[in-house]
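Note sheet for the following structure.
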Amino acid sequence: MKVQHRATTLELEDVEDETISQLAVRLATTICADPSRVSLFILPKPGFMKHPFPDTPLSSILTPASRIKLIGTPAAEVKTMNDHAAAIKARTQSRSPAGRPVAKVTPYRDWRKTSEEAKYSFGAIEPLMWLPNPERSRRFLERLAADPGIKATMRKRKFAVGLLTEMDPSQHTTHESRTLGLNRNQGEVIELRLRTDAYDGYRDYKVIRKTLCHELTHNVWGPHDQNFWDLCKQIEKEVAANDTQHGGHQLDARAEFYNPDDNMDDADHADGGGWTGGDFVLGKGTDVASNEGLSRREIMARAAEGRAKKEKEAREAEKES
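Under my numbering, the first residue of the sequence shown is numbered 41, with each subsequent residue one higher.
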């Protein structure tokens, strides 16, 4: 049995009649982590799971195509991070050489905005770990989620997306079309085509951001009718207007992810697409919806957990100020 943990593949012996709960404990022990603080991501089903784990036999859910990912931090790393945070807090509370308390300068922050950005955002971000350089894809997805224009329009329109992930080009390419993005169940999952068809690089940042605008529009409208395109254009304008990063200086995303042959003009975006269950397809309309991935309940639970964590961090930061 092979299990992915970060960039490492753990190879474990198969245990007869082992349950999901028992596997979770065995994996936690392997990486020296607290079993109650690890999660499992089993694709295509049952998807994302966390403690307490069910006593479902692995033999009833695993197939030769199954992939297992372990999400968890070794206890030693958790202690190191906690110690580091405590040391920083102690330093900020220490006195200056003159014996006077160090003046605390608190810059102005719009806490309502901070709280709303935590609520109206992406609950979880995950690359495809079986493709090359998954951490590079994670940085790309995180950059999109942190894009000032994307954050502004999600806050304005109260968009919340459960999972933002990448798309495997090989599973969404035919001789007729290329799927650039996919929105499942009005924002439960958004998949974006980050990589080139040959897997030798990444596509242009602005093109992918434009695709993300398109997929966010599917949170409201399904079919590509006039209502859809009117809202899509509005979102694209909002994102461009709030693009403070590009207004001041160029993101390094182009240097890291640029594909010089990648482009998508308005005609491609508006007229070349077909939509089935949330798909945005460059080329002819086709049924390329994927059933692989998390269930509706699992996605919603994970999204709620991610939003709750962000909102808690925003509240704690406000109290400390």
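Beta carbons are placed, not taken as given, at the ideal position from N, Cα and C, and that holds for glycine.
Remember, predicted model here, so these are calculated numbers, not experimental data.
In this structure, how does DSSP classify residue i when only helix, strand and coil are distinguished?
| i | result |
| --- | --- |
| GLN44 | strand |
| ARG179 | helix |
| ILE101 | coil |
| VAL247 | helix |
| ASN1 | As shown, the chain starts at 41 and ends at 361. That puts residue 1 outside it, with no answer to give. |
| PHE93 | coil |
| VAL229 | strand |
| GLY323 | Any reading at GLY323 needs caution, since the residue's pLDDT is 38, under 50, leaving its predicted position unreliable; the model's value is listed next. GLY323 falls in the strand class under three-state DSSP. |
| LYS273 | helix |
| ASN259 | coil |
If you count every other CB in all the chains shown that lies within 10 Å of the CB of residue i, and 16 or more means buried, which is it?
| i | result |
| --- | --- |
| ARG183 | buried |
| THR69 | exposed |
| SER100 | exposed |
| ILE275 | buried |
| TYR239 | exposed |
| GLU231 | buried |
| ASN259 | buried |
| GLU56 | exposed |
| SER76 | exposed |
| LYS198 | exposed |
| ALA164 | buried |
| GLU353 | exposed |
Taking just the CA atoms, how far does residue j sit from residue i?
| i | j | result |
| --- | --- | --- |
| LYS109 | GLU166 | 11 Å |
| GLY112 | GLU53 | 20 Å |
| ALA130 | PRO114 | 25 Å |
| LEU83 | SER106 | 6 Å |
| PRO86 | GLU51 | 21 Å |
| THR103 | MET41 | 11 Å |
| GLU117 | ALA73 | 9 Å |
| ARG195 | PHE180 | 21 Å |
| GLU157 | ARG243 | 27 Å |
| ILE128 | ALA348 | 25 Å |
| LEU271 | ILE60 | 44 Å |
| GLY439 | LEU252 | This structure leaves residue 439 out entirely; the chain is present only between 41 and 361. |
| LEU80 | ALA125 | 27 Å |
| ALA281 | TRP170 | 36 Å |
| ARG218 | ASP95 | 41 Å |
| ASP123 | GLN266 | 56 Å |
| LEU204 | GLU356 | 25 Å |
| TYR245 | HIS264 | 24 Å |
Hey, residue i and residue j are a contact pair by Cβ (cut 8 Å); roughly how many whole angstroms apart?
| i | j | result |
| --- | --- | --- |
| GLY202 | VAL229 | 6 Å |
| ARG241 | ALA200 | A quick correction: the sequence has Gly, not Arg, at residue 241. Not really, about 31 Å apart at Cβ, beyond 8 Å. |
| ILE190 | VAL247 | About 14 Å; that fails the 8 Å criterion. |
| GLU175 | ALA47 | 7 Å |
| SER161 | LEU234 | About 19 Å separates the two Cβ atoms, so there is no contact after all. |
Suppose only complete runs of 4+ residues qualify. What are the alpha helix (DSSP H) ranges in the stretch 49–79, listed by chain order? Listed in chain order, they are 60–70.
Where are the beta strand (DSSP E) runs, 3 residues long or more, that stay fully inside the stretch 158–205, in chain order? Unbroken beta strand (DSSP E) runs of no fewer than 3 residues, entirely contained in the stretch 158–205, are found at 162–166, following chain order.
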